[in-house]
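> Note that the working numbering has the sequence shown beginning at -13, numbered continuously upward.
One structure coming up, written as structure tokens, with questions to follow.
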Amino acid sequence: MTQWTSQQLQAIEAQGSNLLVAASAGSGKTAVLVQRILHTVINQKVDIDRLLVVTFTQAAAAEMRERINIAFMELMGKGENDPHLRKQLLLLNHAQISTIHSFCNEVVRNYFHLIDIDPGYRIADQTEAGLIKMEVLEELIEKQYEQSDPGFLNLVESFSSSRDDTPFKDLVLQVYDFIQSQPEPLHWLREKIDMFAGDADQINQSIWATEVSQLILQQLRAAQEMADAAKVKSSLPQGSKRYLDTLEIDLEQIGELIRILEDQGLDSFYNYLTGLAAPRMKPAEKDADPTLCEEIKELRKEARDIVKQIRSELLPRHPRELIKEIKQMQPVMLAL
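Given below as structure tokens:
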């Protein structure tokens, strides 16, 4: 008999609410799902053809159906002669255990008359789907050109070349394909557009500032770990004690950057960041281990490079200037 963990038992027996189970490959997700189906069918007397079980591939669906069939047969072999169980064996061939695409296709075929679709339809292949997508995009862009909306025209100008608007079309398709991985694509897009709203006088209240601050904090903590590791190595008997003062200053500067960002926000953080100067490190003692000293210097360089990268890539200009530029992009993003 399979020995389930407490978490697996929760996944098998939980009822009355939505349930998300996340686990790594090979951790027994399929076995748990099969057991959950058996628990529902046998304990709650639910017919197997009343359940919808969807998988990513046809092979996985076939495996799932086979596992359920084996489980039913094993129960029968143990003397379980329940009429309900015998009924499930008969219903299993009609159970909805398939890919999501197959299930949706079945729904459309059975109820085409309710959605006004020709029952002789077929599913387009990837090439056809791409051509249809381009045709719809061309029609949509043509309508937008006719309406001459300033936001749309600004969008096209921002992302097109001097010759044609092909780069713009490619961008639209890339964004469309990307957001399909989101549970609610349009809602996700609206949330991202809100990030372009903000007032330069209220920097720390903007969504952009919150997101950037979190990213900077992550990078600073990584730099802090590297600088601390360099200090630990310098303190070793084979390390260089001459490095310690410089590394201590590095740690103080990084710690102060973190404190200012958390307590005072991006405005004060930027002012402190632009005034930072990296101290020079003294040469190591002659008896210090050269290999260890190189490791220390490399760790320090990586830590200092993170701080430089924050300055050059995340905050190349004052946050007030950046947020003004971002706000100017909001109509363009809204049109997109």
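In this text, a Cβ means the ideal position worked out from N, Cα and C, and glycines have one as well.
This structure is a prediction, so every number in the text was calculated from the model and none was measured.
(1) With a threshold of 7 Å on Cβ separation, who are the neighbours of Q239 within its own chain once the five nearest residues in sequence on each side are excluded?
(2) Since T260 is in the alpha helix (DSSP H), which residue starts that stretch and which ends it?
(3) List the residues that DSSP assigns as beta-bridge partners of V40.
(4) Beta carbon of L201, beta carbon of L308: below 8 Å?
(5) Between F89 and V40, how many whole angstroms is the CB-CB distance? I'm expecting something under 8 Å.
(6) Rounded to a whole number of angstroms, what is the C-alpha to C-alpha distance between E271 and T232?
(7) Residues in its own chain within less than 7 Å of A186 by CB, not counting five upstream and five downstream?
(8) Report the rounded CA-to-CA distance for Q30 versus Q166, giving the unit in angstroms.
(9) Could you pull out every unbroken beta strand (DSSP E) segment of at least 3 residues lying fully inside the region 70 to 120, listed in chain order?
(10) So is Y229 buried or exposed if we call it buried at 16+ other beta carbons inside 10 Å?
(11) In angstroms with no decimal places, state the Cα-to-Cα distance between I127 and A115.
(12) Using DSSP with H/G/I as helix, E/B as strand and the rest coil, what is Q295?
(13) Buried or exposed for L247, going by 16 or more other Cβ atoms inside 10 Å?
(14) Excluding the five sequence neighbours on either side, which residues of its own chain have a C-beta within less than 8 Å of the C-beta of L5, listed in chain order?
(15) Near A216, what residues of its chain come up, given a Cβ to Cβ distance below 6 Å and the 5 sequence neighbours on each side ignored?
(16) For the alpha helix (DSSP H) that E307 lies in, which residues bound it at each end?
(17) Touching or not, the region 55 to 71 and the region 8 to 18, by the rule of three or more beta carbon pairs under 8 Å?
(18) Going by DSSP, what residue range makes up the alpha helix (DSSP H) through Y229?
(19) Taking the alpha-carbon positions, what's the D323 to Y131 distance?
(20) Which one of Q295, Q316, R266, D275 has the shortest CA to CA distance from T260?
(21) Which of the three DSSP states, helix, strand or coil, is assigned to A186?
(22) May I have the straight-line CA-CA distance separating Q(-7) from F164, to the nearest angstrom?
(23) Indicate the three-state DSSP secondary structure (helix, strand or coil) for L5 in the structure shown.
(24) Of the residues L77, L76, L78, I109, which one's Cα is nearest the Cα of E92?
(25) Please classify R149: does DSSP put it in a helix, a strand, or coil?
(26) Provide the residue span of the alpha helix (DSSP H) that contains T16, from first to last.
(27) R266 by DSSP, collapsed to three states: which one?
This is what the structure holds:
(1) L262
(2) 252 to 260
(3) S84
(4) no
(5) 6 Å
(6) 15 Å
(7) Bear in mind that the predicted position of A186 carries a pLDDT of just 48, short of 50, making it unreliable; the figure below should be weighed with that in mind. R306, I309, K310.
(8) 36 Å
(9) 82 to 85
(10) buried
(11) 18 Å
(12) helix
(13) buried
(14) A(-3)
(15) L233, I282, L285, R286
(16) 305 to 314
(17) no
(18) Neither: Y229 is in no alpha helix (DSSP H) and is coded neither H nor E.
(19) The structure shown does not extend to residue 323, since the chain is modelled only from -13 to 322, so the question has no answer here.
(20) Q295
(21) Confidence is the limiting factor: at A186 the pLDDT is only 48, short of 50, which leaves the residue's position unreliable and the question unanswerable from this model.
(22) 33 Å
(23) coil
(24) I109
(25) coil
(26) 15 to 29
(27) coil
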